[in-house]
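Student:
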Amino acid sequence: MQSKMNVKDLDLYYGDFKALHNINLDIRENEILSFIGPSGCGKSTLLKCLNRMNDLVVGCRIDGDITLDGEDIYAKNYDVNKLRKRVGMVFQQPNPFPMSIYENIAYGPKTHGIKNKAELDEIVESSLKQAAIWDEVKDDLKKSALSISGGQQQRLCIARAIAVNPEVILMDEPTSALDPISTGKIEDLAQELKEQYTIVIVTHNMQQASRISDKTAFFLQGIIVEYGNTIDIFTNPREEKTELYVTGRFG
Ligand SMILES: Nc1ncnc2c1ncn2[C@@H]1O[C@H](COP(=O)(O)OP(=O)(O)OP(=O)(O)O)[C@@H](O)[C@H]1O
Ligand SMILES: [Mg+2]
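Residues are numbered in my numbering as their position in the sequence shown, beginning at 1, plus a constant of 208.
#1: Per DSSP, which one or two residues make a beta bridge with R269?
#2: Select from T275, N303 and P246 the residue whose C-alpha is nearest the C-alpha of V376.
#3: Tell me whether V410, by its Cβ, gets closer than 8 Å to a heavy atom of ligand 2.
#4: Run the proximity test for S242: is its beta-carbon closer than 8 Å to any non-hydrogen atom belonging to ligand 2?
#5: Give the list of continuous beta strand (DSSP E) stretches no shorter than 3 residues that lie fully inside the region 293–345.
#6: Please list the terminal residues of the continuous alpha helix (DSSP H) segment that includes D440.
#7: If you scan the region 371–412 from start to end, which runs of the beta strand (DSSP E) of 3 or more residues do you find wholly inside it?
#8: Less than 8 Å between the CB atoms is what I'm expecting for Q399 and P382, so what's the real figure, rounded?
#9: Three or more C-beta pairs under 8 Å: does that hold for the region 427–436 against the region 241–251?
#10: Less than 8 Å separating the Cβ of A227 from some heavy atom of ligand 1?
#11: Let's see if you can read the secondary structure: which residues bound the alpha helix (DSSP H) around K463?
#12: Please classify E279 as buried or exposed, where buried requires at least 16 other C-beta atoms within 10 Å of its C-beta.
#13: Would DSSP call R236 helix, strand or coil?
#14: Distance cutoff 9 Å, beta carbons only. Does I431 sit that close to anything in chain B?
#15: Is Q404 closer than 9 Å to N289 when the C-beta atoms are compared?
#16: Give the single residue among H229, E344 and S308 whose Cα lies nearest to the Cα of G473.
#17: Over the uninterrupted alpha helix (DSSP H) stretch that includes A417, give me the two end residues.
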């Protein structure tokens with residue numbers, strides 16, 4: 209698989225606190241990469257670096273490089289809006305906008321200049337279909353997005369991320385607020401989406417990481433202890449710390 213994003217010698221500081229230490233990571237196209245590790249080890253911090261969400265955090269600074277298709281995303285004059293269109297994000301708590309299901313999906317494409325109603329209709333339908341929620345909402349597109357279930361809201365948020373035609377989708381514990389059935393739907397969905405997108409997912413659920421991801425990175429206190437094929441991380445890790453963690457003996 210071809211490299212989609214690359215992290216090189218990345219250090220990250222929140223004020224005086226160094227939260228990431230010398231991170232090196234290759235993110236391959238059409239693969240699912242999962243980040244695992246105990247609470248506070250830096251998973252969300254690294255994920256947010258990938259679409260510069262940390263720019264919004266006062267006192268946060270980084271050293272090192274992150275590239276998307278070989279281009280430095282932290283370069284001066286790099287267009288951050290365009291970056292966030294190419295690298296979308298789905299959060300732990302479903303966060304639909306307080307508007308209709310239709311408008312939630314159409315919002316992004318509209319801000320990127322698509323005005324034509326037929327074109328927007330088409331994007332709304334195809335995004336909801338890709339996110340496996342079309343059949344459940346197609347007769348109620350005018351309904352408030354806040355009135356559907358949490359699992360439906362999360363699939364709606366995935367549809368919203370897809371609607372702007374991203375290349376990479378970042379997911380920060382996207383199923384931790386969901387029931388097992390909704391979780392299963394999102395996991396199946398991730399499998400389908402990787403045909404078209406590159407996905408990085410943070411999860412505390414070891415079964416989830418081993419079920420859905422191709423590659424896994426194990427974090428401890430701001431360091432990537434081990435990165436490799438998911439099957440190796442879970443069945444034949446190189447590091448003892450990884451083995452202890454994935455078998456639930458610490459963390
Ligand atoms: N905005 C911030 N300002 C200062 N410190 C922060 C900030 N965000 C995170 N940190 C610190 O950076 C470290 C990594 O946090 P991060 O949220 O990346 O962990 P995580 O691995 O995602 O944890 P969890 O599994 O609990 O979500 C922690 O020590 C955290 O307290
Ligand atoms: Mg986190």
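Beta carbons: idealized from backbone N, C-alpha and C, even for Gly.
Tutor: In terms of the structure at hand:
#1: Y221
#2: T275
#3: yes
#4: no
#5: 295–298
#6: T438 to T443
#7: 376–380 and 406–410
#8: Contact flag wrong, Cβ pair sits at about 14 Å.
#9: yes
#10: yes
#11: There is no way to answer for residue 463, as the model of the chain reaches only from 209 to 459.
#12: exposed
#13: strand
#14: Absence of chain B from the displayed structure is noted, only one protein chain being present.
#15: no
#16: Nothing about residue 473 can be reported from this structure: the residues present for the chain run from 209 to 459 only.
#17: M414 to I420
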